[in-house]
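S.K.: Questions regarding the structure given below will be posed in turn.
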Amino acid sequence: APVHVGERELRNIFGLPFEMAVMYAAPGAVMPAYHDIDGIPATAAECYVTDLLQKQWGFDGLVVADYEAISQLRNDHHVAKDYAEAAALALQAGMHIELPSSTVFKEGIPQALERGLIDMRLIDAKVLQVLEEKYRQGIFDHPYIDVGSIELTGQAHHDA
């Protein structure tokens with residue numbers, strides 16, 4: 001549903017809890033909602049994702065798209081004519097990851113690059129940010145699973 005709100009209300013009332021969460025909890029990722037704010041879909045809102053969230057509030061984690069939110073830029077919001085434009089809008093707004101799959105990014109990014117809608121430097125920067133966050137979360141420090149724990153599950157004496 002569209003949201004119509006003044007800039008002062010958005011920043012000082014509705015945005016304040018999110019600003020405090022970013023400042024004091026330092027989340028590794030955030031997820032914009034599906035709605036638009038005064039006609040700008042949250043997933044494509046550079047003024048909110050990049051300018052407000054990242055630059056003004058200092059958020060340095062990943063911005064993850066809600067399920068199908070990037071495809072909705074074409075299918076529902078009608079601000080992109082195809083996946084190339086949808087991918088470009090989302091990436092330029094500050095998005096890093098598409099969920100639940102990479103349908104739009106997989107199809108749209110190569111086309112967006114070919115058509116000059118985005119530059120490879122933008123892709124490189126996004127990939128670097130994803131890898132940096134994974135490093136910060138310790139994903140590269142430890143094995144994916146504790147191999148020893150495999151022996152703790154699926155044993156005959158566990159069966160009821």
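The sequence shown begins at 1 in UniProt numbering and counts up by one. Glycine is no exception: its CB is placed at the ideal position from the N, C-alpha and C atoms.
Note down, one range per segment and in chain order, each alpha helix (DSSP H) of at least 4 residues found wholly within the UniProt domain "Glycoside hydrolase family 3 N-terminal" (3 to 131).
M.R.: Listed in chain order, the complete alpha helix (DSSP H) runs (minimum 4 residues) inside the UniProt domain "Glycoside hydrolase family 3 N-terminal" (3 to 131) are 16 to 25, 69 to 75, 83 to 93 and 103 to 114.
S.K.: What did DSSP end up calling Gly138 once you bin it into helix, strand or coil?
M.R.: Correct three-state label for Gly138: coil.
S.K.: What does a CB cutoff of less than 6 Å around Ile37 pick up in its chain, not counting 5 residues either side in sequence?
M.R.: Cβ neighbours of Ile37 beyond the five flanking positions: Val3.
S.K.: Which residues in the same chain as Arg121 place their Cβ atom closer than 6 Å to its Cβ, once the five residues preceding and following it in sequence are excluded?
M.R.: Within the same chain, Arg121 has no close Cβ partners at all.
S.K.: Given this structure, state the Cα-to-Cα distance separating Gly39 from Val147, to the nearest angstrom.
M.R.: Approximately 50 Å, taken between the alpha carbons.
S.K.: Nearest to Asp60 by CA position, among Gln72, Lys126, Leu99 and His157, is which residue?
M.R.: Selected option, being the one with the closest Cα: Lys126.
S.K.: Across the region 82 to 93 and the region 41 to 58, are there enough close Cβ pairs to call them in contact, namely three or more that are closer than 8 Å?
M.R.: Yes, the region 82 to 93 touches the region 41 to 58.
S.K.: Straight-line CA distance for Ala21 to Ala156?
M.R.: Each residue's alpha carbon lies about 46 Å from the other.
S.K.: Tell me which same chain residues have a C-beta within less than 6 Å of the C-beta of Ala112, skipping the five on either side of it?
M.R.: Around Ala112: Ala84, Ala87, Ala88 and Ile118.
S.K.: Can you round the beta-carbon distance between Gln137 and Gly28 to whole angstroms, since I take them to be within the 8 Å contact cut?
M.R.: Between Gly28 and Gln137 the Cβ distance is about 6 Å, and since that is below 8 Å, they are a contact.
S.K.: Shortest alpha-carbon distance to Leu131 belongs to which of His35, Leu73 and Ile97?
M.R.: For the residues His35, Leu73 and Ile97, the minimum Cα distance to Leu131 belongs to Ile97.
S.K.: Mind reading off the beta-carbon distance from Val104 to Ile70? Whole number of angstroms is fine, and I expect it under 8 Å.
M.R.: So it is a contact: roughly 4 Å between Cβ atoms.
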